[in-house]
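All remarks here apply to the structure that follows.
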Amino acid sequence: MTCRRSRRTVRTLSMKYRPAVLAAAASAALLAGPPAASAAEDPGALPTCTDVSTSYGDYEQDELTASVDVAPVLVAGGDWQPARASVTNVGERDLPVVVVRAYPWLQTGEPDPPDMRDYVKTETRTADGGWRELDETAWIDASPLKSGETRTYELRVRVVGGLPRTPGGSEYALTGAFADVYRFPDTGKEVPCTGVAPANDTFRIERPATTSPTPRPTTPRPAPTTTTPAPKPTRTPTTTPSPTATPTPTPTSSTATPTPSAPAVPPAGTGGEMAGTGTSDATVPLAAAAGALALLGGGAVLMARRRRR
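The sequence shown lines up with residues -39 to -1, 1 to 270 when you count with mature numbering (1 follows the signal peptide of the UniProt record, and there is no 0).
In structure tokens:
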């Protein structure tokens, strides 16, 4: 028998998740279902048809298909995002009970992966229009499904904070389980078992970017710097220009009596001293004495001329 599939239905032989996990989950769902589920042929006590046919591996159920759609990106700590799930009875008989479960899981090679149900929350719409959170059993519904009938479930999912960074891909699984029968090909013996219709969808969890708080503007304080104080400028003594020496008049033979010239007055600001010109201090008295002698000699000449007359 060939299993017919709807959109996004994953066949049992080519599914990306662990068959043993889904098989155990289907059995648990039947056990944890409402009283109506356990009352119909007691499916919770049945092994999965995949486990029963392990020796042959030829079991493919063709009566039920499942489909699930979730948002491709879920932001950690973000709002609820809509999701949709459905199961369809594609067989020729009515199914007394179909148990539907939905849950997230992580496809990873880690030996102890985190339970994604702790971080990805799921709620289903109730008949009165409210929302009911799925518990650890991930149970959505357990009710009859007639041949050709499709039952759709409105879901919403969100990612809460604290999700550990574990390598792997985030996926969302949906299972529809019902009571079936496996017939051994060699003996024809029929064994009651649980048939499972799996569906799977992938999504990516996006972590919000962590931004550093903008620092408040503050007035920067100048860093202390060690500077060598500049030396104070030294006052350079101003050299007073030397006064021009007044030449001493030379006595000449004249009829007028020469008047002795007054000694040169030193310029102001020299403290009554002559500016240094390279002449010794003894030169001044000698020059004065020479002038006096010259005057006396001139007077003697004039007196001698008058006597001759």
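Built from N, CA and C at the ideal position, the CB exists for glycine as well. Remember, predicted model here, so these are calculated numbers, not experimental data.
Under the three-state reduction of DSSP, residue 6 is assigned to helix. Classified as exposed, residue 86 has fewer than 16 neighbouring CB atoms from the shown chains inside 10 Å of its CB. With contacts defined by Cβ atoms closer than 7 Å, residue 163 and residue 71 do not form a contacting pair. Relative to the Cα of residue 166, the nearest Cα in the group 140, 122 and 137 belongs to 122. Cα atoms of residue 98 and residue 132: separation of roughly 17 Å, rounded to the nearest angstrom. Straight through space, the alpha carbons of residue 129 and residue 59 are spaced by roughly 31 Å.
The C-beta separation of residue 158 from residue 137 comes to about 4 Å, placing the pair in contact by the 8 Å criterion.
Of the other Cβ atoms in all chains shown, fewer than 16 fall within 10 Å of the Cβ of residue 55; this residue is therefore exposed. Pairing residue 116 with residue 83 gives a Cβ-Cβ distance under 7 Å. For residue 19, the secondary structure class from DSSP, reduced to helix, strand or coil, is coil. Pairing residue 114 with residue 73, the inter-Cα distance amounts to about 31 Å. Contact annotation: residue 135 and residue 46 have beta-carbon atoms nearer than 7 Å.
About 39 Å separates the beta carbon of residue 142 from that of residue 42, a gap too long to meet the 8 Å contact definition.
According to the DSSP secondary-structure assignment, residue 138 is paired through a beta bridge with 60 and 157. Sixteen is the threshold: since fewer than 16 other Cβ atoms of the shown chains lie within 10 Å of the Cβ of residue 93, the residue is exposed. Rounded to the nearest angstrom, the gap between the Cα atoms of residue 14 and residue 44 is 34 Å. Residue 76 and residue 24 have their alpha carbons spaced roughly 31 Å apart.
Taking a C-beta distance under 7 Å as the contact criterion, residue 156 and residue 145 do not qualify as a contact pair. In chain order, 20, 141, 143, 154 and 156 place their CB closer than 6 Å to the CB of residue 10, counting only its own chain and leaving out the 5 sequence neighbours on each side.
Shown here for residue 110: same chain residues with a beta carbon closer than 8 Å to its own, the five before and five after excluded, namely 49 and 50 in chain order. Per DSSP, the beta-bridge partners of residue 37 are 120.
Taking all protein chains in view, the Cβ of residue 62 is crowded by 16 or more other Cβ atoms within 10 Å, so the residue is classified as buried. Under the three-state reduction of DSSP, residue 29 is assigned to strand. Only buried fits residue 81, as 16 or more other CB atoms lie within 10 angstroms of its CB.
Contact check for residue 57 against residue 105 passes: the beta carbons are separated by less than 7 Å. Bounds of the beta strand (DSSP E) holding residue 48 are 42 to 50.
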